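Here's the structure we're looking at; comments come further down.
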Amino acid sequence: MADFRLIADRIAEDIVTGRLGPGQQLPPQRWFARRHRIAPSTAGRVYGELVRRGLVVGEVGRGTFVRAAPAVAQGRALIETATSAPVNLELNYPSAAGQSELVAASLAPLLRADVLTEAMRPGAADGTAAARESAARLLAVPGWRPDPAQLLFTGNARQAIAAALASLVRPGGRVGVEELTYPLVKEIAGRLGVVLVPLAGDAEGVRPDALAAVHRAAPLSALYLQPTLHNPTSSTMSERRRGELGDLVVALGLPVVEDRIWSFLRPDAAAFAAHAPGLTHVVDGLSKRVAPGLTVGFLVVPQGRAEAVGAAVRSGGWSAGRFALEAAVRWTADGVVRRLVEEKRADAARRQALLTDHLTAHPTDHLTAHPTENTTANLTAHLGEQGAVGTVRTDPHAYFAWWELPAPWRADTFTAAAAAHGIAVTPGTAFAVDPHRTPDAVRLGLASAPEEELARALRTLAAVAAGGPPGSGGG
173 MADFRLIADR IAEDIVTGRL GPGQQLPPQR WFARRHRIAP STAGRVYGEL
223 VRRGLVVGEV GRGTFVRAAP AVAQGRALIE TATSAPVNLE LNYPSAAGQS
273 ELVAASLAPL LRADVLTEAM RPGAADGTAA ARESAARLLA VPGWRPDPAQ
323 LLFTGNARQA IAAALASLVR PGGRVGVEEL TYPLVKEIAG RLGVVLVPLA
373 GDAEGVRPDA LAAVHRAAPL SALYLQPTLH NPTSSTMSER RRGELGDLVV
423 ALGLPVVEDR IWSFLRPDAA AFAAHAPGLT HVVDGLSKRV APGLTVGFLV
473 VPQGRAEAVG AAVRSGGWSA GRFALEAAVR WTADGVVRRL VEEKRADAAR
523 RQALLTDHLT AHPTDHLTAH PTENTTANLT AHLGEQGAVG TVRTDPHAYF
573 AWWELPAPWR ADTFTAAAAA HGIAVTPGTA FAVDPHRTPD AVRLGLASAP
623 EEELARALRT LAAVAAGGPP GSGGG
């Protein structure tokens with residue numbers, strides 16, 4: 173029997189030496205198997221190994237292609253600079269005017285020797301009484317207010333996700349997620365030995381019937397959701413959908429991890445936890461409200477779960493620093509967080525206007541809003557004449573947009589073309605849970621680039637998309 177790794181090595185050498193060029197399509201697996209006189213199953217393992225090495229991209233219904241853009245560790249580009257492109261639309265951390273001065277003034281009292289002595293003590297998973305009360309007030313939304321006794325703290329929201337999953341799912345366990353999900357959840361799951369199971373959805377997210385069918389076929393240990401401003405699609409579940417899913421998870425006894433990191437931009441959207449309070453672990457943090465380098469992760473756990481989840485926080489080394497907790501309490505009490513949130517909501521709206529003006533050819537003709545039960549809108553913009561530059565899905569409150577590219581663009585080739593123009597975007601493959609079902613889409617992060625730079629980048633990307641890939645016969 174042929175060793176699939178040796179065959180993959182030969183194909184990899186062809187890619188590295190340029191005999192197989194970027195974007196070039198590999199033959200269908202059955203043809204490849206006949207050519208190399210191997211079983212079709214072995215050919216599948218060869219292609220799978222090339223995908224694992226980051227050399228090719230497999231797309232259902234289209235084939236397997238040599239990667240046109242260099243592979244980056246999943247999620248890395250979303251949390252740290254992983255590109256030399258002058259305009260980075262991968263990183264997505266909003267910043268308000270005068271933010272540093274505002275935060276500095278609030279931190280000044282912490283630098284007194286008597287206060288600093290206390291703030292330099294080790295931090296516990298459950299923080300302090302003042303931190304729990306402060307966080308409960310900050311996270312409260314209409315219809316849901318966390319019990320301070322059920323609050324735990326981590327260094328950031330990613331660590332809160334890791335702690336919640338580590339406490340709920342044993343290695344080898346299955347976690348249901350949206351078909352497109354936050355890339356770092358994929359990394360967390362891999363390190364925990366957890367299997368992510370993609371759940372079919374619609375414009376509002378996971379469909380209850382899909383969740384029920386998957387759980388019936390092979391039980392899930394937990395469910396991870398982003399019900400408000402889902403990353404990357406910006407979709408927000410209606411109250412009706414939340415209620416239906418809430419009823420289902422209660423009937424199944426299925427624990428839920430609710431990621432609310434972007435929810436501060438949609439104050440009208442209630443928490444999913446209100447529908448399943450005995451099962452939902454709510455994750456939030458200050459990285460988007462304040463700044464990634466000055467952050468704390470919040471984890472609200474169901475009654476009776478604080479000890480188990482706290483143990484996961486401690487064993488993972490994920491506890492928040494005491495200084496960060498003290499700073500968070502002060503920022504919340506003196507209104508710093510509130511002011512930053514208000515300014516960032518206004519900033520997001522301005523950047524959405526830039527998206528409409530510079531990526532949409534005829535905004536008044538092609539921009540339509542679809543009201544939800546929350547009386548706000550999930551926005552869908554059809555860009556260009558007859559879809560010349562594709563379709564973008566976004567929300568007027570969001571800091572990102574999901575751009576479904578026009579044929580024959582693929583996410584990988586468009587990402588490479590954007591990079592050639594000095595613009596970094598995130599390919600849809602980063603968000604796809606099933607590596608063989610990769611969408612021809614990219615996510616645009618609107619938060620980090622200065623507004624003038626963002627406007628220029630959007631105009632450039634629209635022109636690139638309309639022109640078509642090299643050799644496609646486009647403009």
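One gets the numbering used here by counting positions in the sequence shown from 1 and adding 172 to each.
A virtual CB, placed ideally from N, CA and C, is assigned to each residue, including glycine.
As the structure is a prediction and not an experimental result, all values here were calculated from the model.
What is the rounded straight-line gap between the Cα of valine 472 and the Cα of valine 454?
-> Straight across, the Cα-Cα distance linking valine 472 with valine 454 is about 5 Å.
First through last residue of the beta strand (DSSP E) which encompasses tyrosine 219 | Counting along the chain, tyrosine 219 falls outside any beta strand (DSSP E), though it belongs to the alpha helix (DSSP H) covering 212-224.
Ordered along the chain, which non-local residues of its own chain (more than five positions away) have a Cβ less than 7 Å from that of alanine 621?
-> Residues Val259, Asn260, Leu261 and Ala629 of the same chain have their beta carbon placed closer than 7 Å to that of alanine 621, with the five preceding and five following residues left out of the count.
So what does DSSP say about serine 306, is it helix, strand or coil?
-> Helix, per DSSP.
Bounding residues of the beta strand (DSSP E) (the contiguous stretch that carries glutamate 576) = Looking at the DSSP string, the run of the beta strand (DSSP E) that includes glutamate 576 is 572-576.
Indicate the three-state DSSP secondary structure (helix, strand or coil) for arginine 346 in the structure shown.
-> Strand at arginine 346.
Can you list, in chain order, the stretches of the alpha helix (DSSP H) that have 4 or more residues and sit fully within the region 305-390?
-> The alpha helix (DSSP H) runs lying completely inside the region 305-390 and spanning 4 residues or more are 329-340, 355-364 and 380-389, given in chain order.
In or out: glutamate 624 buried (at least 16 other Cβ within 10 Å) or exposed?
-> Exposed.
Give, in chain order, every unbroken run of the alpha helix (DSSP H) that is at least 4 residues long and sits entirely within the region 417-499.
-> Scanning the region 417-499 for uninterrupted alpha helix (DSSP H) segments of 4 residues or longer gives 478-488, listed from N- to C-terminal end.
Does the region 331-347 come close enough to the region 577-589 that 3 or more CB-CB pairs lie under 8 Å?
-> No contact exists between the region 577-589 and the region 331-347.
Taking just the CA atoms, how far does leucine 288 sit from glycine 600?
-> One alpha carbon belongs to glycine 600, the other to leucine 288, and they sit about 45 Å apart.
Residue burial classification, valine 188 (beta-carbon count within 10 angstroms, cutoff 16) = By the neighbour-count rule (16 or more Cβ atoms within 10 Å), valine 188 is not buried but exposed.
Counting Cβ pairs closer than 8 Å, one from the region 515-526 and one from the region 491-499, do we hit at least three?
-> Because the criterion of three Cβ pairs below 8 Å is not met, the region 515-526 and the region 491-499 do not touch.
For phenylalanine 237, name the three-state secondary structure that DSSP assigns.
-> Under the three-state reduction of DSSP, phenylalanine 237 is assigned to strand.
What is the DSSP secondary structure of threonine 189, reduced to helix, strand or coil?
-> When DSSP states are grouped into helix, strand and coil, threonine 189 belongs to the helix group.
Under the rule that 16 or more other beta-carbon atoms within 10 Å means buried, what is isoleucine 183, buried or exposed?
-> Taking every protein chain shown into account, the CB of isoleucine 183 has 16 or more other CB atoms within 10 angstroms, so this residue is buried.
Which residues bound the alpha helix (DSSP H) around valine 513?
-> Here the alpha helix (DSSP H) through valine 513 covers 508-531.
Exposure label - alanine 269; buried when at least 16 CB within 10 Å | Label assigned to alanine 269: exposed.
State the CB to CB distance for the pair glycine 469 and glutamine 271, rounded to an integer number of angstroms; the pair is presumed to be in contact (CB under 8 Å).
-> Not confirmed; about 20 Å, so no contact.
Who are the near neighbours of asparagine 328 in its chain, counting only those whose CB is closer than 7 Å to its CB and skipping five residues on each side?
-> The residues are Gly457, Ser459, Thr467 and Gly469.
Opposing strand residues paired with proline 599 [DSSP bridges] = Note: proline 599 sits in a beta bridge opposite Val614.
Indicate the three-state DSSP secondary structure (helix, strand or coil) for glycine 230 in the structure shown.
-> Looking at glycine 230 - three-state DSSP - the assignment turns out to be strand.
Where do the ends of the beta strand (DSSP E) carrying valine 275 lie?
-> Looking at the DSSP string, valine 275 is not in any beta strand (DSSP E); the run it does join, the alpha helix (DSSP H), is 271-279.
At a cut-off of 7 Å, is serine 267 close to the ligand NAP when judged by its beta-carbon and the heavy atoms of the ligand?
-> Absence of the ligand NAP is noted for the structure shown, with no ligands found whatsoever.
For glycine 594 and leucine 323, the rounded distance between their alpha carbons = About 43 Å.
Alpha carbon to alpha carbon, how far is alanine 443 from phenylalanine 204?
-> For alanine 443 and phenylalanine 204, the distance between alpha carbons rounds to 50 Å.
Within the same chain, show all residues whose beta-carbon is closer than 6 Å to that of proline 194, passing over the 5 residues directly before and after it, in chain order.
-> For proline 194, the CB contacts under 6 Å within the same chain, skipping 5 residues up- and downstream, are Val238 and Ala240 in chain order.
Assumed close pair proline 294, alanine 602 - CB separation to whole angstroms, cut-off 8 Å | Not confirmed; about 36 Å, so no contact.
Between alanine 446 and tryptophan 316, is the Cβ-Cβ spacing less than 8 Å?
-> Taking 8 Å as the cut-off, the beta carbon of alanine 446 is found closer than this to the beta carbon of tryptophan 316.
Please report how far the alpha carbon of alanine 484 lies from the alpha carbon of proline 199, in whole angstroms.
-> Distance between the alpha carbons of alanine 484 and proline 199: 47 Å.
Does the separation of the CB atoms of proline 578 and alanine 634 fall below 8 Å?
-> Cβ atoms of proline 578 and alanine 634: not closer than 8 Å.
For alanine 361, collect the residues of the same chain with a Cβ closer than 8 Å to its Cβ; drop the 5 residues on either side in sequence, then sort them by chain order.
-> If we look at alanine 361 and ignore the five residues flanking it on each side, its Cβ neighbours are Leu337, Val347, Val367 and Leu368.
Compare the C-alpha of glycine 216 against each of Arg191, Ala627, Thr610 and Ile179 and name the closest.
-> Closest option to glycine 216, Cα to Cα, is Ile179.
Under the three-state DSSP convention, the category leucine 401 falls into = If DSSP states are grouped into helix, strand and coil, leucine 401 belongs with coil.
Which residues bound the beta strand (DSSP E) around threonine 563?
-> If you look at threonine 563, you'll find it in the beta strand (DSSP E) that goes 563-566.
Three-state secondary structure (DSSP) of alanine 634 = It is helical.
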